[in-house]
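Q:
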Amino acid sequence: MNTFLYLTRRVLQAIAVILIVTVATFCLLHALPGGPARGILGPQATAQQIAQFNHQQSLDKPLPVQYAAYLGRLLHGDLGTSYTLNEPVSQLIRERLPKTLVLTVLSAVVGLVLAIPLGMWQAVRRNKPIDYVITTLSFVAYSTPVYFLGLMLVLVFSHILPWFPAQAPQGDSLAQVFADPAALVLPVVAGAASVVAVFSRYMRGATLENLSEDYVRTARAGGSRRGAILRRHVFRNSLTPVVAMLGYYVPVLFGGALVVEQLFNYPGMGLLFWTAAQSSDYPVLLGCVLVISVATVVGTLLADVVQRFIDPRVKEGRA
Amino acid sequence: MFPVRTAERRRWALAAGAVLAASALVTGCNGAGNSSSATSDSINYALPANFTPNWILPIGTPAHLNTNNVSIAASLWEPLIAYDGSTGSIGWNKAASIATAADFAKDGKSVTVTLGNRHWSDGKPITSRDVQFWYNLIKANKSQWANYSEGKAPDNWTSFKVVDDQHFTITFDQAYNSQWMLANQLSMITPLPQHVWDRTSASAAVSDADTTTAGAKQVWTYLNTAAKSISKYASDPLWKTVSGPYTVKSFSTSGKVVLAANATYDGGEKAHIATVNLLPFTTTDAEENALRSGQVDYGYINSTDLDQKSQFTSQGYTVKPWTGWAITYMPYNFDNPSMGAVFKQLYARQAVQESIDQDSLVKVVFNGTAVPGYGPIPQAQNSQFVSQAQKDNPYPFSNAKAKALLTAHGWTEQNGTMVCARPGSGASQCGAGVDKGTKFQMQVLSQSGSTVTDNMMSAIQSSLAKSGIAFSVKTAPVNSVLSQTPQCTAGQPVCKWQLSFFGTAGSWYFPAYPTGDSLFQTKGGSNFGSYSNPDVDKLITATTTSSSDDAVQQYSEALAKDLPVVWLPEPDYQISVIKNGLGGFAQDSLADFHPAQWQWTGK
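Protein chains in written order, with the numbering used here: chain A, 148 to 466; chain B, 31 to 633.
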């Protein structure tokens, strides 16, 4: 299959997946008992005020009609308006998404920068004590809930050793976020821990697999030094599964950001989602789910495409 | 596998070192520690967890009725009559009010209010016209106003007459209790800058548009639309003309609000601290972390963390409970198809109430941060409103008495649960509508997310079981609880709920005068369980029209005895943690905060 057809098929699949996600989320939200009016308006709201709210928000219309209207607005780039914050959802996401991206991208970069050499080193030192130690630490890091890890980081590095603030940067703009780099350390470390744990394992496995390949033996027989083989051949070939996994890891990173943002009081997408969930703010919830769905779909799509380019075997359907 | 050589090892070590250094650079590991937030001209105040300020206009719509929004708005636009607990006891704080006097007519049918010689921040005087502007807007748009309750203000105000720039008279539809009128009705008025806000659109000129109903509706729409742009609160000129001690410096959709002292303020509560930072927090845990790091000057902790009090005191904080002017309860759904008939029997409600050991709950579950509540008047503060009957607890805890009461009314215990064995409406029978074989088992839909509430429900479950009453607990976020437990009729699918609990931080916060019109009056707007008692209705009406406090006391006694809901301990509004040196204020039991009163008094 040529690349254009392949991409077209994948993009159409992605659109279908996103549509299905919006239908599912829309139905699930509206299946919640009671509806959002009482929650939004509070215990003192009168029946008349609740009816007025439902009418204003079109919540008194049949579900398919509501969904069709939502989809119509969506096609025009209108994600609706937050019930509680009054602002257009698209604007709220525009304000918050960059902050979450800062957190997730930094966590991913720091995690990968540590995980890749660590995984390779473990492979080279396979079955040595240090390999066992790092493997154990990886499993511990992987199985430790982000929330618990974050709390421990705050306890140790903010309370016992007052090195870093317990809160992430509180600024509204990215410039303000970067103006307080010390405050980014603990949230980024909390987010990066699982990346290190997961990707060092992938890297170790991939490196081991490549080390046993014929081309390594051939290169070695030809007099190439081990370091050169690792750098020039094994490293690149071992990255293929890592790149693929990175795309699939996007939702995990976003999920982790939700917890990290809550723990470190960071006003990003995760916090926006959390607050909206607490207050039954449907438009914001739908908007967040949509963004995360798009990020996931795009992430997997990119992973597939990149893998197709860097590994010819995928293109030829051999791998 | 390759042999590991020294040079290779060094290279890997160098690479790892470079990686660590790079990541440190990327994440900005510059060794920054915890900077103290407390300075003489700023303060960091922690807003309640998971709350985002979302409204600036002092005439809130229901979606924006939140005590913190009200507190922020009152710092910008001072109320006509600040009737609150900011001075330590509930009363009229004249220093924080635009009005200086309210003289009621002898017949109790009108009031003449005198305004102080005050000015807007743009130098224009605050006049009766500014109050009339508020009045006209509310009259024309009452159904959209958060504080509207049918029959109350502005329905019970028949006319507004401007006497002169500093005096106006409001006439009522009948004689009212002057304290109630002052504390609960007139206190809702906020003079608004008519000379800036009385316009129908941003481009329209200021006029007297509010003087017609159609014009007032347009002005309301314009102001409410403008108030929906949180991101413009700090920049829109509309919000620059204020009467209060503060102005908005910044207002973020993420929840952070910065207030700056209003240099032109000429009222009695001038700001002592130039910059007030109101900080949002995702959870109480996140807020406590910030407290421990010294990033918050005025915050709070969970009552379950009171055992860590010494940790905060050693860090230079004082831990101080903030009691609320509130009651806490679980409404019965009297229209529930299966248990409504049981709930309608007073003896059954007595048995439930007698099965709840409030003293132990306060001591064990609340760690002493609550007081027992036995009726419709808050009991955390001394007040003239509480009847002796409510104070004395008409139904003291006794599982034996509860069990005996049920047995005497035709219930027998089967497998640990009471079952109606003698149906009928006789004195020794289960009561009208209660069928033979009905099990005394009920379920509460309770607010989730609080360990204290979970523990309280478990304790109640255990205690009720000893009286033969089965009690199960289902949890949901508070918004969901409120949504799922509305007023209903037996035939409606939504009427399946039996008991509801949304009172982790207190179920109901009263205005200064604690009447129960919307809570316990027949068809009252917040009478979720559809409680109805004609005698109580008369007493509630009397609380607003009688000139003496006796009416409130009689109402207090009647509801303490009639048990329209399950009365529960009244938790503190907040366990405050306040930096030493911050003083000059009392914690307002109406749950508002008053930044102008805060001051650094030295440590």
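Beta carbons are placed, not taken as given, at the ideal position from N, Cα and C, and that holds for glycine.
Interface residues of chain B around Arg-185 (chain A) at Cβ under 7 Å?
A: As a first step, residue 185 (chain A) must be located in the first sequence, where it is residue number 38. Those are Leu-512, Ser-513, Pro-516, listed as they occur along chain B.
Q: Would a C-beta distance cut-off of 7 Å place Leu-418 (chain A) and Thr-172 (chain A) closer than the cut-off?
A: Start at 1 with the first residue of the first sequence, and residue 418 (chain A) comes out as number 271. Start at 1 with the first residue of the first sequence, and residue 172 (chain A) comes out as number 25. Cβ distance not < 7 Å, so Leu-418 (chain A) and Thr-172 (chain A) don't count as in contact.
Q: Quick one: list the residues of chain B neighbouring Tyr-230 (chain A), beta-carbon separation under 7 Å, in chain order.
A: Sequence index remark: in the first sequence, residue 230 (chain A) carries index 83 (1-based). Ordered by position in chain B, the residues that pass the 7 Å Cβ test against Tyr-230 (chain A) are Ala-93.
Q: Thinking C-beta only, is Leu-512 (chain B) closer than 7 Å to Phe-501 (chain B)?
A: As a first step, residue 501 (chain B) is located in the second sequence; it is residue number 471 there, counting from the start. As a first step, residue 512 (chain B) is located in the second sequence; it is residue number 482 there, counting from the start. Taking 7 Å as the Cβ cut-off, Phe-501 (chain B) and Leu-512 (chain B) do not qualify as a contacting pair.
Q: Below 8 Å on the Cβ atoms is my contact criterion, and I expect Ala-316 (chain B) with Asn-357 (chain A) to pass it. Report the Cβ-Cβ distance as a whole number of Å.
A: Locating residue 316 (chain B) in the second sequence gives position 286, counting from the first residue. Locating residue 357 (chain A) in the first sequence gives position 210, counting from the first residue. No, Ala-316 (chain B) and Asn-357 (chain A) are not in contact; Cβ-Cβ is about 44 Å, not under 8 Å.
Q: For the stretch 302-316 of chain B, which residues have a beta carbon sitting closer than 8 Å to at least one beta carbon of chain A?
A: Hits within the stretch, in order: Leu-309, Pro-310, Phe-311, Thr-312, Thr-313, Asp-315, Ala-316.
Q: My output table needs one value for Pro-601 (chain B): the three-state DSSP class, helix, strand or coil.
A: Position 571 of the second sequence, counted from the first residue, corresponds to residue 601 (chain B). In this structure, Pro-601 (chain B) counts as strand in the three-state DSSP scheme.
Q: At 7 Å on the CB atoms, spell out the chain B contacts of Asn-233 (chain A), in chain order.
A: One-based indexing of the first sequence puts residue 233 (chain A) at position 86. The contacting residues are Asn-84, Lys-258, Ile-260.
Q: Does DSSP put Ser-53 (chain B) in a helix, a strand or coil?
A: Against the second sequence, residue 53 (chain B) aligns to sequence position 23. Only weak support is given to the placement of Ser-53 (chain B): the predicted model assigns it a pLDDT of 43, under 50, and the value that follows is read from those uncertain coordinates. Three-state result, Ser-53 (chain B): helix.
Q: CA-CA distance, Phe-532 (chain B) and Thr-505 (chain B)?
A: In the second sequence, counting from the first residue as 1, residue 532 (chain B) sits at position 502. In the second sequence, counting from the first residue as 1, residue 505 (chain B) sits at position 475. In a straight line, the C-alpha of Phe-532 (chain B) is about 10 Å away from that of Thr-505 (chain B).
Q: Under a Cβ-count criterion, where at least 16 other Cβ atoms within 10 Å of its own Cβ denotes burial, should Ile-162 (chain A) be classed as buried or exposed?
A: Position 15 of the first sequence holds residue 162 (chain A). Flag for Ile-162 (chain A) reads exposed.
Q: What residues in its chain sit with their C-beta under 7 Å from that of Phe-396 (chain B), if we drop five residues either side in the sequence?
A: If you number the second sequence from 1, residue 396 (chain B) lands on position 366. Once the five neighbours on either side are set aside, the close Cβ partners of Phe-396 (chain B) are Ser-333, Val-482, Pro-599, Pro-601.
Q: Are Leu-449 (chain A) and Gly-394 (chain A) touching if we call contact CB-CB under 7 Å?
A: Stepping through the first sequence from its first residue, residue 449 (chain A) is reached at position 302. Stepping through the first sequence from its first residue, residue 394 (chain A) is reached at position 247. It is a contact, given that the beta carbons lie within the stated cut-off.
Q: When you compare only the Cα positions, how much space is there between Leu-436 (chain B) and Tyr-113 (chain B)?
A: Residue numbering aside, residue 436 (chain B) sits at position 406 when the second sequence is read from its first letter. Residue numbering aside, residue 113 (chain B) sits at position 83 when the second sequence is read from its first letter. Rounded to whole angstroms, Leu-436 (chain B) to Tyr-113 (chain B) spans 45 Å at the Cα level.
Q: Looking at Ile-120 (chain B): is its Cβ nearer than 7 Å to the Cβ of Ile-303 (chain B)?
A: Against the second sequence, residue 120 (chain B) aligns to sequence position 90. Against the second sequence, residue 303 (chain B) aligns to sequence position 273. No, the Cβ-Cβ distance between Ile-120 (chain B) and Ile-303 (chain B) is not below 7 Å.
Q: Please list the terminal residues of the continuous beta strand (DSSP E) segment that includes Pro-78 (chain B).
A: Position 48 of the second sequence, counting from 1, holds the residue named residue 78 (chain B). 72-79 is the span of the beta strand (DSSP E), which, as asked, contains Pro-78 (chain B).
Q: May I ask you to list, following chain order, the residues of the stretch 375-404 of chain B that have a beta carbon less than 7 Å from some beta carbon of chain A?
A: Listed in sequence order: no entries.
Q: By Cβ distance, which residues of its chain are closer than 8 Å to Ala-301 (chain B), with the 5 residues on each side in sequence left out?
A: Reading the second sequence from its first residue, position 271 is the one you call residue 301 (chain B). Answer for Ala-301 (chain B): Pro-275, Tyr-276, Ala-291, Asn-292, Tyr-295, Pro-625, Ala-626, listed in chain order.
Q: Does DSSP classify Gly-329 (chain B) as helix, strand or coil?
A: The count along the second sequence starts at 1 and reaches residue 329 (chain B) at position 299. Note: Gly-329 (chain B) maps to strand in three-state DSSP.
Q: Who does Asn-307 (chain B) pair with in a DSSP beta bridge?
A: As a position in the second sequence, residue 307 (chain B) is number 277, starting the count at 1. DSSP, once it has assigned bridges, lists B:Asn-74, B:Val-288 as partnering Asn-307 (chain B).
Q: Mind checking the stretch 453-487 of chain B against chain A and listing, in chain order, the residues whose C-beta falls within less than 8 Å of any C-beta there?
A: Under the 8 Å Cβ criterion, the stretch 453-487 of chain B contributes no residue.
Q: Across the stretch 462-470 of chain B and the stretch 442-452 of chain B, are there enough close Cβ pairs to call them in contact, namely three or more that are closer than 8 Å?
A: Touching, yes.
Q: Quick one: is Cys-174 (chain A) buried, meaning 16 or more other Cβ sit within 10 Å of its Cβ, or exposed?
A: The sequence position of residue 174 (chain A) within the first sequence is 27, counting from 1. It counts as exposed.
Q: What does Val-301 (chain A) touch in chain B if you count any residue whose Cβ is under 8 Å from its own?
A: Mapped onto the first sequence, residue 301 (chain A) falls at position 154. Ordered by position in chain B, the residues that pass the 8 Å Cβ test against Val-301 (chain A) are Asn-319.
Q: Please tell me whether Ala-590 (chain B) and Gly-405 (chain B) are closer than 7 Å, where the distance is taken between their beta carbons.
A: Within the second sequence, numbered from 1, the residue matching residue 590 (chain B) stands at position 560. Within the second sequence, numbered from 1, the residue matching residue 405 (chain B) stands at position 375. Contact: yes.
Q: Can you tell me whether Leu-620 (chain B) is helix, strand or coil according to DSSP?
A: Your numbering for residue 620 (chain B) matches position 590 in the second sequence. If DSSP states are grouped into helix, strand and coil, Leu-620 (chain B) belongs with coil.
Q: Restricting to Cα atoms, I'd like to know which of B:Leu-110, B:Trp-538, B:Lys-139 is closest to Ala-125 (chain B).
A: Within the second sequence, the letter at position 95 stands for residue 125 (chain B). Selected option, being the one with the closest Cα: B:Leu-110.
Q: Residues in the same chain with beta-carbon distance under 8 Å from Gly-58 (chain B), minus the five sequence neighbours each way, listed in chain order, please.
A: Taking the first residue of the second sequence as 1, we reach residue 58 (chain B) at position 28. Confidence is the limiting factor: at Gly-58 (chain B) the pLDDT is only 41, short of 50, which leaves the residue's position unreliable and the question unanswerable from this model.
Q: With DSSP run on the structure shown, which of helix, strand or coil describes Ser-173 (chain B)?
A: As a working note, residue 173 (chain B) is residue 143 in the second sequence. Of the three classes helix, strand and coil, the one that applies to Ser-173 (chain B) here is helix, per DSSP.
Q: Mind pulling the chain A residues with CB within less than 8 Å of Ser-323 (chain B)?
A: Within the second sequence, residue 323 (chain B) is the residue found at index 293, counting from 1. Simply Ser-305, His-306, Pro-309, Pro-312, Ala-313, Gln-314.
Q: Do the CB positions of Ser-385 (chain B) and Asn-429 (chain B) come within less than 7 Å of each other?
A: Position 355 of the second sequence, counted from the start, is the residue given in the question as residue 385 (chain B). Position 399 of the second sequence, counted from the start, is the residue given in the question as residue 429 (chain B). Going by C-beta atoms, Ser-385 (chain B) is nearer than 7 Å to Asn-429 (chain B).
Q: Please confirm if Gly-555 (chain B) has its CB atom under 7 Å from at least one CB of chain A.
A: What you label residue 555 (chain B) is simply residue 525 of the second sequence in a count that begins at 1. Chain A contact via Cβ: present.
Q: Below 9 Å between beta carbons is the criterion; list the residues of the stretch 262-296 of chain B that meet it against any residue of chain A, in chain order.
A: Within the stretch 262-296 of chain B, the qualifying residues are Ser-280, Ser-282, Thr-283, Ser-284, Gly-285, Lys-286.
Q: What residue range is occupied by the uninterrupted beta strand (DSSP E) comprising Thr-251 (chain A)?
A: If you number the first sequence from 1, residue 251 (chain A) lands on position 104. Thr-251 (chain A) -> not in any beta strand (DSSP E); alpha helix (DSSP H) instead, spanning 236-271.
Q: For the alpha helix (DSSP H) containing Asp-194 (chain B), name the first residue and the last one.
A: Counting from one through the second sequence, the residue named residue 194 (chain B) turns up at place 164. Looking at the DSSP string, Asp-194 (chain B) is not in any alpha helix (DSSP H); the run it does join, the beta strand (DSSP E), is 187-194.
Q: Please list, in chain order, all residues of the same chain as Trp-85 (chain B) whose beta carbon is under 6 Å from its beta carbon, the five residues on each side excluded.
A: For the purposes of this step, residue 85 (chain B) is taken as the residue at position 55 of the second sequence. Here the set comprises His-94, Asn-99.
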